[in-house]
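> First the structure, then my questions, so here it is.
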Amino acid sequence: DTAVSQTPKYLVTQMGNDKSIKCEQNLGHDTMYWYKQDSKKFLKIMFSYNNKELIINETVPNRFSPKSPDKAHLNLHINSLELGDSAVYFCASRSLSTEAFFGQGTRLTVV
Amino acid sequence: AQSVTQPDIHITVSEGASLELRCNYSYGATPYLFWYVQSPGQGLQLLLKYFSGDTLVQGIKGFEAEFKRSQSSFNLRKPSVHWSDAAEYFCAVGDRQYGNKLVFGAGTILRVKS
C-alpha cells in the first residue's frame, strides 16, 4: 500500500503545453507539499497545503497552480510549460509530529 | 526563516571507514530535524529524526545523529560505511508551528571507494 503516490512518474511534453501532476496520500496527514528538485539536486519547496488551505507559496511563477480537492489530494497544474520547468517534482505529506513522506517523484522534461 | 547548511557537497570515504556528514541549521527555536537519503533516480527515504528528548538518535542502516543545540548542528554519523551507502544525503529542518514548513539543505553526495 503506497503511502504517497504521484502520477505520472515520467512526463515529456513540448514547450507551451499545459500539464498536471496528481498526488494522493493515504496516511491521514494534514499537510501536503510540492517540491521541485532541479538538476543540481536541490530540493526547493514550492507549496504547502494544510487541510486544503494554502499555507506556503514560495515565489513560484503563477503558471504553477496547486489544487487540493480534499486533504488527501494535492495536484499541481502547470500552464505554458517552459524549458526551465524541467525537473523532478516531489509530493510529500506530513503531520506536525511526524516526518514527511515522499512520493517517488515525477520527472518532467520539457522539449 | 529557517535554513539548513550542508557545507560538504561531496565526500568520499573508503568502505569500512567511519563517516560524518555535517548539518547546521538556523531556526528561532528548537526545530524538528531530519536526515533523508536519496539513491539515484529514487525518492527520499527517512534515515532518522529528532523531535525531542535524547539528543543522540538512532536511525536505519546503522546511522545515528546528534543534536547539539549550542552549535545548531545535527551531524549524521556511521561507524563503518558500506558500498551500498553511496547516495545523496539531505538534512532538513521542520517547523513546529502551524504551516509545517520543511526546508532542506543542498545535500551531500557520498561516494564509497573499495
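Residue numbers (our numbering), protein chains in the order written: chain Y, 332 to 442; chain P, 117 to 230.
Where is the CB? At the ideal position from N, CA and C, for every residue including glycine.
For C207/P and W365/Y, what's the separation of their Cα atoms in angstroms?
So the two alpha carbons sit approximately 18 Å from each other.
> Cβ closer than 9 Å: which chain Y residues qualify as neighbours of E204/P?
The contacting residues are K372.
> Going by beta-carbon coordinates alone, are V197/P and L135/P separated by less than 7 Å?
Yes.
> Less than 6 Å between C-beta atoms, sequence neighbours within five positions excluded: which residues of the same chain meet that for E204/P?
So the list reads Q154, G223, I225, once near-sequence residues are dropped.
> Applying a beta-carbon distance threshold of less than 9 Å, which residues of chain Y neighbour A222/P?
Here the neighbours are K371, K372, F373, L374.
> Considering Cα atoms alone, identify which of A334/Y, A423/Y, K383/Y is closest to K402/Y.
For K402/Y, the nearest C-alpha among the options comes from K383/Y.
> Mind listing the chain Y neighbours of G159/P? Cutoff is C-beta to C-beta under 8 Å, in chain order.
Neighbours of G159/P on chain Y, chain order: F421, F433, G434, Q435, G436.
> Going along the chain, which residues of its own chain have a beta-carbon closer than 7 Å to the beta-carbon of A418/Y, five neighbours each way excluded?
The residues are K367, Q368, D369, L439.
> Could you check the C-alpha separation between A133/P and I387/Y for me, to the nearest Å?
Between A133/P and I387/Y, the C-alpha separation is close to 41 Å.
> Grab the span of the beta strand (DSSP E) containing C422/Y for me, first residue to last.
Run containing C422/Y: 418 to 425, per the beta strand (DSSP E) assignment.
> When the cut-off is 7 Å and only beta carbons count, does N216/P lie next to chain Y?
Interface residue, yes.
> Which same chain residues, not among the five before or five after K350/Y, have their C-beta less than 7 Å away from its C-beta?
Result list for K350/Y: L342, T344, I409, L412, in chain order.
> Thinking C-beta only, is L137/P closer than 7 Å to L192/P?
Yes; because the gap between Cβ atoms is below 7 Å, this pair is in contact.
> Based on Cα-Cα distance, which residue from K184/P, L164/P, S168/P, S186/P lies nearest to G240/P?
Residue 240/P lies beyond the stretch modelled for chain P, which goes from 117 to 230, so this question has no answer here.
> Just how far apart, CA to CA, sit S188/P and E180/P?
Whole-angstrom Cα-Cα distance: 17 Å.
> Taking N357/Y as the query, report the chain P residues whose CB atoms sit under 7 Å from its CB, ordered along the chain.
Under the 7 Å cutoff, chain P gives no residues; its nearest Cβ is about 16 Å from N357/Y.
> For N381/Y, collect the residues of the same chain with a Cβ closer than 6 Å to its Cβ; drop the 5 residues on either side in sequence, then sort them by chain order.
If we look at N381/Y and ignore the five residues flanking it on each side, its Cβ neighbours are D361, T362.
> Quick one, which residues of the stretch 176 to 199 of chain P are near chain Y if we go by CB-CB under 8 Å, in chain order?
Answer in chain order: no residues at all.
> Considering N382/Y, what are the terminal residues of the beta strand (DSSP E) in which it resides?
Segment: none, N382/Y is in no beta strand (DSSP E) and carries neither H nor E.
> Does any CB atom of chain Y fall closer than 7 Å to the CB of L162/P?
So, interface residue.
> Helix, strand or coil for I125/P per DSSP?
Note: I125/P maps to coil in three-state DSSP.
> By alpha-carbon positions, which one of E430/Y, T338/Y, I376/Y ends up nearest to Q161/P?
Selected option, being the one with the closest Cα: E430/Y.
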